[in-house]
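Asker:
There are 2 protein chains.
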Amino acid sequence: MAVGNVAVPETIYAIDGIRLSTTAAGVRYPNRDDLVVIEIAESASTAVVTTKNAFCAAPVRVLRAHFAEAAPRYLVINTGNANAGTGADGLKRAEAICMALADKVGVNANTVLPFSTGVIGEPLNSDAVIAGLDSAVSNLGADNWLAAANGIRTTDTIPKVASQKISVTGTDYHVTGISKGSGMIRPNMATMLGYVATDANIAPDLLQEMLTAINEQSFNRITVDGDTSTNDCCVLIATGKADASVIDSPEHPHYQPLFAALTDVFVRLAQLIVRDGEGATKFITVKVTGGKTTQECCAVAYAVAHSPLVKTAFFASDANWGRILAAVGYAGVEDLDTEQVNVSLNEVMICQNGSVASDYTEAAGNDVMSRPEITIHIDLARGEASDIVYTCDLSYDYVKINADYRS
Amino acid sequence: MAVGNVAVPETIYAIDGIRLSTTAAGVRYPNRDDLVVIEIAESASTAVVTTKNAFCAAPVRVLRAHFAEAAPRYLVINTGNANAGTGADGLKRAEAICMALADKVGVNANTVLPFSTGVIGEPLNSDAVIAGLDSAVSNLGADNWLAAANGIRTTDTIPKVASQKISVTGTDYHVTGISKGSGMIRPNMATMLGYVATDANIAPDLLQEMLTAINEQSFNRITVDGDTSTNDCCVLIATGKADASVIDSPEHPHYQPLFAALTDVFVRLAQLIVRDGEGATKFITVKVTGGKTTQECCAVAYAVAHSPLVKTAFFASDANWGRILAAVGYAGVEDLDTEQVNVSLNEVMICQNGSVASDYTEAAGNDVMSRPEITIHIDLARGEASDIVYTCDLSYDYVKINADYRS
Numbered sequence: 001m002a003v004g005n006v007a008v009p010e011t012i013y014a015i016d017g018i019r020l021s022t023t024a025a026g027v028r029y030p031n032r033d034d035l036v037v038i039e040i041a042e043s044a045s046t047a048v049v050t051t052k053n054a055f056c057a058a059p060v061r062v063l064r065a066h067f068a069e070a071a072p073r074y075l076v077i078n079t080g081n082a083n084a085g086t087g088a089d090g091l092k093r094a095e096a097i098c099m100a101l102a103d104k105v106g107v108n109a110n111t112v113l114p115f116s117t118g119v120i121g122e123p124l125n126s127d128a129v130i131a132g133l134d135s136a137v138s139n140l141g142a143d144n145w146l147a148a149a150n151g152i153r154t155t156d157t158i159p160k161v162a163s164q165k166i167s168v169t170g171t172d173y174h175v176t177g178i179s180k181g182s183g184m185i186r187p188n189m190a191t192m193l194g195y196v197a198t199d200a201n202i203a204p205d206l207l208q209e210m211l212t213a214i215n216e217q218s219f220n221r222i223t224v225d226g227d228t229s230t231n232d233c234c235v236l237i238a239t240g241k242a243d244a245s246v247i248d249s250p251e252h253p254h255y256q257p258l259f260a261a262l263t264d265v266f267v268r269l270a271q272l273i274v275r276d277g278e279g280a281t282k283f284i285t286v287k288v289t290g291g292k293t294t295q296e297c298c299a300v301a302y303a304v305a306h307s308p309l310v311k312t313a314f315f316a317s318d319a320n321w322g323r324i325l326a327a328v329g330y331a332g333v334e335d336l337d338t339e340q341v342n343v344s345l346n347e348v349m350i351c352q353n354g355s356v357a358s359d360y361t362e363a364a365g366n367d368v369m370s371r372p373e374i375t376i377h378i379d380l381a382r383g384e385a386s387d388i389v390y391t392c393d394l395s396y397d398y399v400k401i402n403a404d405y406r407s
Numbered sequence: 001m002a003v004g005n006v007a008v009p010e011t012i013y014a015i016d017g018i019r020l021s022t023t024a025a026g027v028r029y030p031n032r033d034d035l036v037v038i039e040i041a042e043s044a045s046t047a048v049v050t051t052k053n054a055f056c057a058a059p060v061r062v063l064r065a066h067f068a069e070a071a072p073r074y075l076v077i078n079t080g081n082a083n084a085g086t087g088a089d090g091l092k093r094a095e096a097i098c099m100a101l102a103d104k105v106g107v108n109a110n111t112v113l114p115f116s117t118g119v120i121g122e123p124l125n126s127d128a129v130i131a132g133l134d135s136a137v138s139n140l141g142a143d144n145w146l147a148a149a150n151g152i153r154t155t156d157t158i159p160k161v162a163s164q165k166i167s168v169t170g171t172d173y174h175v176t177g178i179s180k181g182s183g184m185i186r187p188n189m190a191t192m193l194g195y196v197a198t199d200a201n202i203a204p205d206l207l208q209e210m211l212t213a214i215n216e217q218s219f220n221r222i223t224v225d226g227d228t229s230t231n232d233c234c235v236l237i238a239t240g241k242a243d244a245s246v247i248d249s250p251e252h253p254h255y256q257p258l259f260a261a262l263t264d265v266f267v268r269l270a271q272l273i274v275r276d277g278e279g280a281t282k283f284i285t286v287k288v289t290g291g292k293t294t295q296e297c298c299a300v301a302y303a304v305a306h307s308p309l310v311k312t313a314f315f316a317s318d319a320n321w322g323r324i325l326a327a328v329g330y331a332g333v334e335d336l337d338t339e340q341v342n343v344s345l346n347e348v349m350i351c352q353n354g355s356v357a358s359d360y361t362e363a364a365g366n367d368v369m370s371r372p373e374i375t376i377h378i379d380l381a382r383g384e385a386s387d388i389v390y391t392c393d394l395s396y397d398y399v400k401i402n403a404d405y406r407s
């Protein structure tokens, strides 16, 4: 069960210049939507970030090559098989899918970007994907964002959608996005896929800078199990269909509001992945302040967020906060003065100057631990830097889901 | 249930110059041996390594100070409470225990080294420990190694003992050791305690060098859950009682055979911790060869050994080897040519040149995955370096044990 508010927005704004479709192509399972196609208007700018895993999947290699050559017009996404660890044959299959789609819609194959998610190391049934493309192309529509969010799910228990409308000095902008992922989640992307579009008109180079920066605060700050997948990708599209001038620098008066709206949508989509983390029963925000650098805050936050002992204590609603201290202690912060460190859970201070807070009670600790949403605030008290990471607890169901995934 | 051969040795050699005792002091639970005292002959050399966790526990701070001042004569170890995250009060309690024992036996307090293991962040019942010291001192005996191994257990399901006798050009040497730990296990020591003694006569500086080197191949190469505890310590004692000259350099003819015997005992004690890993059903050796440096081999081995997805796949006996590839891929090896990488499980080659091995079958993969002892051999094929890490799988019971630990 996903944790907290994971509702699909009441209004999902269509983005002028984007059409989507979903098809049951039978990649791995019958009668399950497993193929999504996204059409991008010719006018659009598109930015992409991809996994840093050295074993990046065949579609990731192909999409990097295509993206370097041409502005994308189509995204083709299959679930059920990651087409990773599949060598030269995997590359051929990813290319074949792009070529088949390109032929059907009359564009060059290098304007099609392929994405796959699912089991690693087995041949992708590309024939099934290709056979599904006719239906995919004929069903393209502007209002299929929720269907597409469902179509990219694997072990996800909920569709993940975020959507916003903002008005900036008379111009209406819309931002809508979808994401998937619930295990193999960690910085530098994961089994995670994310697609966000806006009708704003943003120059390609600036859009890429925005995506990189926003990604650092959203998809690169979540972890379920510390595993970085071979297939993680995130795409940001600006179709340019809104009635306004091109935004080509951070000084443009529309830049900051749009950056904020895009960040909201990305953070929501990233948090939804954690809320739907495999087996998650708690949504945990790890906030580290008072560091000398963002890097050390991030290292502390991830040490805590990755610790199986911390995560099982949260699952048990057990205020065994010593496990948090231990994780802070092995995060590798140089010359950490542990006698300055303070730790709170929501409003309950548990650790003051490196040991039990004077007014801390076990009852208060267990009360706060039993809530579904908990912020761990760690203050290192040695500088001005801060960082935030989102994670979940580690439950029986995490083990069950990952031990049973292929059966 | 611990995995594979975890039997206590048929013969546990007493070490001339070492006496041990075990007492039920009631630190946390009644009627459970929770206090161990080890007496060291005045003639002995002693070497110590301690946790690198910044939040090191009070006893670790006290023992570091004591060890810097004087040669140790007594080790006093309690379970049930780690005396960590306990501030100045914790230091006082650890000192009080050392002083009480020193008074009883007529030595200086700084020749007593304290050790604690158990829950972090709660005050240690030092009165109970002190009240148990009379019994502890009166029961000291040379043949209590197994009792001591039982006395230092917390979540351990088995006592951990290793013992060897070697003969070197007419001199008999004995090596006996005990260890504890089954969760919060990771390099740089863990909730791990280890005590090894030999009757060899080894100069203190050389003994410390030997301990540091042997530790790198044993206790610093195991992981259950990636958590490094605040209390990890390992002690190596050479009592000098064997009938032979002092060994003061690696050129001494007895050095190499003794180093090998000590390494055997340390590796066995370290492996026993993994075999008894919380919830473990499989014992997994991760062997990485063909690296440019030992560091990168170690990084790859730990990435695989820490991956929850790899560990749950082993629990499920599911040859989902793509998860191994993914972990190799995110280990951070610079310029890794994934098309050179080979991976085997025992004798079954699963990945050849970065993708599925040509003669690999799912049946062969699942057969090897169902065995209780599995070696994952990853060949990076880019150099001559290698390293080995020992780990276990991740099961429902790991979550259960760590979610229930305090209840």
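These protein sequence lines are chains A and B, in that order.
Be aware that the first sequence starts at 1, since it is given in the working numbering, and climbs by one per residue.
Be aware that the second sequence starts at 1, since it is given in the working numbering, and climbs by one per residue.
Note that CB positions come from ideal geometry on N, CA and C, so glycine has one too.
At the 7 Å Cβ level, is Val399/B part of the contact set with chain A, yes or no?
Answerer: yes
Asker: Can you give me the Cβ contacts of Gly354/B inside the same chain, cut-off strictly under 6 Å, excluding the 5 residues immediately before and after it?
Answerer: Thr338, Glu339 and Val341
Asker: Rounded to whole angstroms, what is the Cα-Cα separation between Glu373/B and Leu63/B?
Answerer: If I take the Cα positions, the gap works out to 37 Å.
Asker: The alpha helix (DSSP H) spanning Asn215/B covers which residue range?
Answerer: Pro204 to Gln217
Asker: Work out the CA separation of Val27/B and Asp107/B for me, nearest whole Å.
Answerer: According to the sequence provided, residue 107/B is Val. The question's Asp does not apply to it. Cα to Cα, the separation comes out at about 25 Å.
Asker: Would you call the CB atoms of Gly291/A and Gly383/A closer than 7 Å?
Answerer: yes
Asker: Which term fits Arg19/A, buried or exposed, when burial requires 16 or more other beta carbons within 10 angstroms of its beta carbon?
Answerer: buried
Asker: Taking the alpha-carbon positions, what's the Ala70/A to Gly181/A distance?
Answerer: 28 Å
Asker: In the DSSP assignment, find the alpha helix (DSSP H) that holds Gln164/B and state where it starts and stops.
Answerer: Not the alpha helix (DSSP H): Gln164/B falls in the beta strand (DSSP E), residues Lys160 to Val168.
Asker: 7 Å is my cut-off, CB to CB: does Thr117/B come that close to chain C?
Answerer: No chain C is present in this structure, whose protein chains are A and B.
Asker: Can you name the start and end residues of the alpha helix (DSSP H) that Val368/A belongs to?
Answerer: Glu362 to Met369
Asker: List in chain order: all unbroken alpha helix (DSSP H) runs of 4+ residues lying wholly within the stretch 303-375 of chain B.
Answerer: Qualifying alpha helix (DSSP H) stretches, in chain order: 308-315, 322-329 and 362-369.
Asker: Can you give me the C-alpha to C-alpha distance between Ala363/B and Gly121/A, rounded to a whole angstrom?
Answerer: 15 Å
Asker: Kindly list the residues whose CB is nearer than 6 Å to the CB of Ala381/B, restricted to its own chain and excluding five residues on each side of it in sequence; keep chain order.
Answerer: Exclusion of the five residues before and after Ala381/B leaves Gly290 and Gln340 as the residues of its chain whose Cβ lies within less than 6 Å of its Cβ.
Asker: My assumption, with CB atoms under 8 Å, is that Thr391/B sits in contact with Thr223/B. Please give the rounded CB distance.
Answerer: 5 Å
Asker: Cβ closer than 7 Å: which chain B residues qualify as neighbours of Gly329/A?
Answerer: Asn53, Ala54, Phe55 and Thr230
Asker: With DSSP collapsed to three states, give me the class of Leu258/A.
Answerer: helix
Asker: With a Cβ-Cβ cutoff of 7 Å, do Val36/B and Ile97/B count as a contact?
Answerer: no
Asker: Select from Asn220/B, Ala313/B, Val246/B and Asp127/B the residue whose C-alpha is nearest the C-alpha of Cys411/B.
Answerer: Here chain B covers residues 1 to 407 and nothing more, so residue 411/B does not appear.
Asker: Which residues bound the alpha helix (DSSP H) around Ser135/A?
Answerer: Per DSSP, Ser135/A belongs to the alpha helix (DSSP H) from Leu133 to Ser138.
Asker: Give me whichever residues DSSP pairs with Lys180/A in a beta bridge.
Answerer: Paired residues: Leu193/A.
Asker: Could you pull the DSSP bridge partners for Ala70/B from this structure?
Answerer: BP columns for Ala70/B are empty, so no partner.
Asker: Can you name the residues of chain B whose CB is closer than 9 Å to the CB of Cys351/A?
Answerer: Gly85 and Gly121
Asker: Identify the continuous beta strand (DSSP E) that holds Glu39/A and give its terminal residues.
Answerer: Leu35 to Ile40
Asker: What's the gap between the Cα of Thr198/B and the Cα of Ile378/B?
Answerer: 36 Å
Asker: Which term fits Glu347/B, buried or exposed, when burial requires 16 or more other beta carbons within 10 angstroms of its beta carbon?
Answerer: exposed
Asker: Within the continuous alpha helix (DSSP H) that includes Gly90/A, where are the two ends?
Answerer: Gly87 to Val105 is the span of the alpha helix (DSSP H), which, as asked, contains Gly90/A.
Asker: Using CA atoms only, rank isn't needed, just tell me which of Val105/A, Arg61/A and Ala68/A is closest to Arg93/A.
Answerer: Arg61/A
Asker: Is Ala2/B helix, strand or coil by DSSP?
Answerer: coil
Asker: Taking C-alpha atoms, which residue in Ser386/A, Gly322/A and Val399/A lies nearest to Cys297/A?
Answerer: Comparing Cα-Cα distances from Cys297/A to each of Ser386/A, Gly322/A and Val399/A, the minimum goes to Ser386/A.
Asker: What is the rounded straight-line gap between the Cα of Leu193/B and the Cα of Ala305/A?
Answerer: The straight-line gap separating the alpha-carbon atoms of Leu193/B and Ala305/A is approximately 26 Å.
Asker: So for Ala263/B, helix, strand or coil by DSSP?
Answerer: According to the sequence displayed, residue 263/B carries Thr and not Ala. Helix at Thr263/B.
Asker: Got a sec, what are the start and stop residues for the alpha helix (DSSP H) Leu146/B sits in?
Answerer: Trp145 to Gly151
Asker: Is Gln352/A close to the ligand MG? I mean its beta-carbon at under 6 Å from any heavy atom of the ligand.
Answerer: Among the components modelled here there is no ligand, and therefore nothing to report on the ligand MG.
Asker: Cα-Cα, which of Val265/B, Pro257/B, Ile273/B and Glu334/B is closest to Thr293/B?
Answerer: Glu334/B
Asker: May I ask which residues mark the beginning and end of the beta strand (DSSP E) holding Arg32/A?
Answerer: In the DSSP assignment, Arg32/A falls outside any beta strand (DSSP E), carrying neither H nor E.
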